[in-house]
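A.B. asks: Pasting a structure here, questions to come.
Numbering (our numbering), first residue to last: 17 to 280.
What follows is the structure in structure tokens.
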């Protein structure tokens, strides 16, 4: 698979995922489920034909992508095939802005390192004050030595960390993940962080902790605008913090936005 961002990778990955579940699942069956002719799908995958905006939107809905992935998929398609130069440039800029901050992590990778401390260790090792030893990481996060050893082994296995000259080198500048709502490893990850957050609130003398909740009346069809504003805020915050020198601490930012009138 190529390293350059490409919407075709989403299509190929979904086909491979379905074929793992059912080895008899064919390209023809995949095309049928996506609602497009098999010959057209083959041409799209092999770069012989592009995607219109309408086709890209339709495919994004049928590929079981998360909301964030759907937006990325559409921007990748528009950046390559949009007829309007303005639309094409805007989509290209959004792709570049996203790629500058995040590297999408696949579900198979995240399933291996879904406990909260894996990504926290990655960020810790990027601090100017970090000590690259199992003992230091254990002390910093209050984790057992053997748990840290296993965590580092997993991070090396999925090629996020690599040891060089006695130090661990982070192989990606920034890693983020977006998953389908039913992805259980993501649920576990957020549950763990929520419990840690509650512990911070209850701890005596806690400092530098911010907790807030706001009820927002929203026209349902405009809820995506709120989601995009939240994502834009996260991107801008990450960019601002990345530009600072001498970082010495790892913080956690968790955000939720959901419809209170549709809880079932």
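All C-beta atoms, glycine included, are put in the ideal place defined by N, C-alpha and C.
Name, in chain order, the residues that DSSP records as bridge partners for residue 69.
C.D. replies: Paired residue(s): none; residue 69 is not in a bridge.
A.B. asks: Who are the Cβ neighbours of residue 276 in its own chain at under 8 angstroms, not counting the five residues just before and after it?
C.D. replies: 231
A.B. asks: Would you be able to state if there are at least three C-beta pairs under 8 angstroms between the region 67-82 and the region 93-109?
C.D. replies: yes
A.B. asks: What's the gap between the Cα of residue 273 and the Cα of residue 259?
C.D. replies: 28 angstroms
A.B. asks: Could you name the residues of the same chain whose beta carbon sits closer than 7 angstroms to that of residue 134, not counting the 5 residues immediately before and after it, in chain order?
C.D. replies: 167, 170 and 171
A.B. asks: Is DSSP giving residue 117 helix, strand or coil here?
C.D. replies: Interpretation of residue 117 is limited by its pLDDT of 49, a score under 50 that renders its predicted location unreliable; no figure is taken from the coordinates.
A.B. asks: Residue 217 and residue 136 - do their beta-carbons sit closer together than 8 angstroms?
C.D. replies: no
A.B. asks: How is residue 170 classed by DSSP in three states: helix, strand or coil?
C.D. replies: helix
A.B. asks: Under the rule that 16 or more other beta-carbon atoms within 10 Å means buried, what is residue 205, buried or exposed?
C.D. replies: buried
A.B. asks: Pull the bridge partners of residue 50 from the DSSP assignment, please.
C.D. replies: For residue 50, which the question treats as bridged, DSSP gives no partner whatsoever.
A.B. asks: Once the 5 residues before and after residue 24 are set aside, which same chain residues still bring their CB inside 8 angstroms of it?
C.D. replies: 60, 61 and 63
A.B. asks: Give the secondary structure of residue 183 by DSSP, where H, G and I count as helix, E and B as strand, and everything else as coil.
C.D. replies: In this structure, residue 183 counts as strand in the three-state DSSP scheme.
A.B. asks: In the DSSP assignment, what residue or residues form a beta bridge with residue 269?
C.D. replies: Answer is none; residue 269 lacks a bridge partner.
A.B. asks: Identify every residue that forms a DSSP beta bridge with residue 177.
C.D. replies: 186, per the DSSP bridge assignment.
A.B. asks: Specify the secondary structure class of residue 206 as computed by DSSP and reduced to three states.
C.D. replies: helix
A.B. asks: Excluding the 5 residues preceding and the 5 following residue 257 in the sequence, name in chain order all residues of the same chain whose CB lies nearer than 8 angstroms to its CB.
C.D. replies: 263
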